[in-house]
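Data block below; observations after.
Protein chains: 2
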Amino acid sequence: MFSKACEYGIRAATYIAMQSIDGRRVSLNEISGEIDSPTAFTAKILQQLSRNGIIDATKGANGGYGMSSTDIKKTTLSQIVFAIDGDNIYAGCGLGLKECNAEKPCPVHDKFVFIRDNLRQMLENTSLHEMTLGLATGLTYLKR
Amino acid sequence: MFSKACEYGIRAATYIAMQSIDGRRVSLNEISGEIDSPTAFTAKILQQLSRNGIIDATKGANGGYGMSSTDIKKTTLSQIVFAIDGDNIYAGCGLGLKECNAEKPCPVHDKFVFIRDNLRQMLENTSLHEMTLGLATGLTYLKR
DNA sequence: CTTTATTCGGATGTTTTTATCCGATTTACT
DNA sequence: AGTAAATCGGATAAAAACATCCGAATAAAG
Numbered sequence: 001m002f003s004k005a006c007e008y009g010i011r012a013a014t015y016i017a018m019q020s021i022d023g024r025r026v027s028l029n030e031i032s033g034e035i036d037s038p039t040a041f042t043a044k045i046l047q048q049l050s051r052n053g054i055i056d057a058t059k060g061a062n063g064g065y066g067m068s069s070t071d072i073k074k075t076t077l078s079q080i081v082f083a084i085d086g087d088n089i090y091a092g093c094g095l096g097l098k099e100c101n102a103e104k105p106c107p108v109h110d111k112f113v114f115i116r117d118n119l120r121q122m123l124e125n126t127s128l129h130e131m132t133l134g135l136a137t138g139l140t141y142l143k144r
Numbered sequence: 145m146f147s148k149a150c151e152y153g154i155r156a157a158t159y160i161a162m163q164s165i166d167g168r169r170v171s172l173n174e175i176s177g178e179i180d181s182p183t184a185f186t187a188k189i190l191q192q193l194s195r196n197g198i199i200d201a202t203k204g205a206n207g208g209y210g211m212s213s214t215d216i217k218k219t220t221l222s223q224i225v226f227a228i229d230g231d232n233i234y235a236g237c238g239l240g241l242k243e244c245n246a247e248k249p250c251p252v253h254d255k256f257v258f259i260r261d262n263l264r265q266m267l268e269n270t271s272l273h274e275m276t277l278g279l280a281t282g283l284t285y286l287k288r
């Protein structure tokens, strides 16, 4: 469904959000350890999120990654996916046609539109804040 | 959503089905021309579909690919996707966790289950026969 | 029996995705 | 000023996906 980069990105952002709620800044090593992702690759993804203003990255001692509480509430999975994978998920034909649309549809056009609308709404309606709720209570996990 | 191989596979199988309904066997060259796919790569995919019993492949002059009318009605997109991409679409966690399940879920487990169930049902309930209906009447297309 | 039209199967090449390495830069603390 | 703790950014490597090539095998038709 998503690229590996996107999976790591969502998990990393969720972890950063959770720790930011507790007022803690986190380092790359802590993140990749806690979400069980390849460290150097995760660094690249965090750079993309930082450039897109989704997380705050600070160099130097006592640096690391963090998010403001308003960003935690406002940022949705949709924004993270878009920052990493672009609009691949929303745009494009399910069967790979370049000019598939309502005028000249592929045989599964309508059915794909329906499923992708579901996915899009889910991503747009899920905030990082919501993602952290289950983690704090031990109901959900970010690794294994 | 799907791999390129899977996209070509669905389009190719749909084209074969449509022509088989008219009693025509089709060659690799005709298929890749009519669905606008890379010829040699399409051959590999058709081999997979043939090995999985989804299409009939016959060597030699007057050979080519075809499907029985019962297979056209019975074969679903789900079977084609499974033959090419395996269970990647149905199985596995949306965030890439190896042991994500109802006991130990990722933060979006339930939401992903919902969306994937939609997708699975759509693929299981769409037959190749249904795919060909719009093509014959010029309502849907397999290329461009 | 030869030619022609086909798919099959293995080897190979290309592109994209995933992942690593390491020096440069920045910042805080002593 | 010096050192340690961080991210940044560019180069490189490895793996997977995508794609091509070509000889072998098969079958029909002349």
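Taken in order, these protein sequences are the chains called A and B. Using this note's numbering, read the first sequence as starting at 1 and increasing by one per residue. Using this note's numbering, read the second sequence as starting at 145 and increasing by one per residue. Note that CB positions come from ideal geometry on N, CA and C, so glycine has one too.
message: Distance check for R11 (chain A) and K287 (chain B), CA to CA, integer angstroms please.
response: Within the second sequence, residue 287 (chain B) is the residue found at index 143, counting from 1. Within the first sequence, residue 11 (chain A) is the residue found at index 11, counting from 1. Pairing K287 (chain B) with R11 (chain A), the inter-Cα distance amounts to about 37 Å.
task: With 8 Å as the limit, tell me which residues of the segment 6-27 of chain A have their beta carbon closer than that to any beta carbon of chain B; keep them in chain order.
output: So the list reads E7, Y8, I10, R11, T14, given in the order they occur along the chain.
message: So for D56 (chain A), helix, strand or coil by DSSP?
response: On the first sequence, position 56 is the one that residue 56 (chain A) refers to. If DSSP states are grouped into helix, strand and coil, D56 (chain A) belongs with the strands.
message: With distance defined between alpha-carbon atoms, name the residue in B:I224, B:V257, B:K217, B:K248 nearest to A235 (chain B).
response: Walking along the second sequence from the start, residue 235 (chain B) turns up at place 91. The option with the nearest alpha carbon to A235 (chain B) is B:V257.
field: Contact set between the segment 240-262 of chain B and chain A, restricted to residues whose Cβ is under 9 Å from the partner
entry: Taking 9 Å as the Cβ-Cβ cut-off against chain A, the residues of the segment 240-262 of chain B that qualify are G240, L241, K242, E243, C244, K248, P249, C250, P251, V252, H253, K255, F256, F258, I259, R260, N262.
query: In its own chain, which residues sit with a C-beta less than 8 Å from the C-beta of C146 (chain A), not counting the 5 before and 5 after it?
result: As displayed, chain A neither begins before 1 nor continues past 144, which places residue 146 (chain A) out of reach and without an answer.
field: Runs of alpha helix (DSSP H) lying entirely within the segment 200-252 of chain B, each at least 4 residues, in chain order
entry: Counting only runs of 4 or more, we get 213-218, 221-229.
message: Less than 8 Å between the C-beta atoms of Y65 (chain A) and L46 (chain A), yes or no?
response: Taking the first sequence and counting its residues from 1, one reaches residue 65 (chain A) at position 65. Taking the first sequence and counting its residues from 1, one reaches residue 46 (chain A) at position 46. Contact flag set, yes.
- prompt: Alpha carbon to alpha carbon, what distance is there between L119 (chain A) and Q163 (chain B)?
  reply: Within the second sequence, residue 163 (chain B) is the residue found at index 19, counting from 1. Within the first sequence, residue 119 (chain A) is the residue found at index 119, counting from 1. Taking the straight line joining both Cα atoms gives about 34 Å.
task: Check the Cβ of Y65 (chain A) against every Cβ in chain B and list those closer than 9 Å, keeping chain order.
output: Position 65 of the first sequence, counting from 1, holds the residue named residue 65 (chain A). Chain-ordered listing is empty here: chain B has no CB closer than 9 Å to the CB of Y65 (chain A), the nearest sitting near 18 Å.
message: Rounded to whole angstroms, what is the Cα-Cα separation between T75 (chain A) and G230 (chain B)?
response: Residue mapping note: residue 75 (chain A) aligns to position 75 of the first sequence, counting from 1. Residue mapping note: residue 230 (chain B) aligns to position 86 of the second sequence, counting from 1. Rounded to whole angstroms, T75 (chain A) to G230 (chain B) spans 34 Å at the Cα level.
- request: Determine the DSSP secondary structure at S3 (chain A), reduced to helix, strand or coil.
  value: Here residue 3 (chain A) is taken as the residue at index 3 of the first sequence, counted from 1. In this structure, S3 (chain A) counts as coil in the three-state DSSP scheme.
- request: For T140 (chain A), decide whether its Cβ has a neighbour in chain B, counting only Cβ atoms nearer than 8 Å.
  value: What you label residue 140 (chain A) is simply residue 140 of the first sequence in a count that begins at 1. So, interface residue.
message: By the three-class DSSP mapping on this structure, what secondary structure does S20 (chain A) have?
response: Locating residue 20 (chain A) in the first sequence gives position 20, where the first residue counts as 1. In this structure, S20 (chain A) counts as helix in the three-state DSSP scheme.
query: Which residue from A:N88, A:S27, A:G134, A:Y8 puts its Cα closest to that of N62 (chain A)?
result: The sequence position of residue 62 (chain A) within the first sequence is 62, counting from 1. Selected option, being the one with the closest Cα: A:S27.
message: Along the chain, where does the alpha helix (DSSP H) containing T276 (chain B) start, and where does it finish?
response: Taking the second sequence and counting its residues from 1, the one referred to as residue 276 (chain B) is at position 132. Here the alpha helix (DSSP H) through T276 (chain B) covers 272-280.
message: Using the Cβ count rule (16 or more neighbours within 10 Å means buried), how would you classify G153 (chain B)?
response: By 1-based counting over the second sequence, the position of residue 153 (chain B) is 9. With 16 or more other CB atoms across the displayed protein chains lying within 10 angstroms of its CB, G153 (chain B) is buried.
message: Taking DSSP's pairing of strands, which residues face V26 (chain A) in a bridge?
response: Position 26 of the first sequence holds residue 26 (chain A). Per DSSP, A:Y65.
query: Using a C-beta cutoff of 8 Å, does T126 (chain A) count as contacting chain B?
result: Against the first sequence, residue 126 (chain A) aligns to sequence position 126. Interface residue, yes.
- prompt: Going by the beta-carbon positions, is the gap between L123 (chain A) and A83 (chain A) smaller than 8 Å?
  reply: Position 123 of the first sequence, counted from the start, is the residue given in the question as residue 123 (chain A). Position 83 of the first sequence, counted from the start, is the residue given in the question as residue 83 (chain A). For L123 (chain A) and A83 (chain A), no; Cβs fall outside 8 Å.
- prompt: Is DSSP giving R155 (chain B) helix, strand or coil here?
  reply: Position 11 of the second sequence holds residue 155 (chain B). Here R155 (chain B) sits in helix by DSSP.
query: CB I35 (chain A) to CB S69 (chain A), shorter than 8 Å?
result: One-based indexing of the first sequence puts residue 35 (chain A) at position 35. One-based indexing of the first sequence puts residue 69 (chain A) at position 69. Between I35 (chain A) and S69 (chain A), the C-beta spacing is not below 8 Å.
Where K44 (chain A) meets chain B, residues with beta-carbon distance less than 9 Å: For the purposes of this step, residue 44 (chain A) is taken as the residue at position 44 of the first sequence. None at all; the shortest Cβ gap to chain B is about 16 Å.
message: Going by DSSP in three states, T183 (chain B) sits in which element: helix, strand or coil?
response: In the second sequence, counting from the first residue as 1, residue 183 (chain B) sits at position 39. Of the three classes helix, strand and coil, the one that applies to T183 (chain B) here is helix, per DSSP.
task: Indicate whether at least one CB of chain A lies closer than 8 Å to the CB of K218 (chain B).
output: Counted from its first residue, the second sequence places residue 218 (chain B) at position 74. Not an interface residue.
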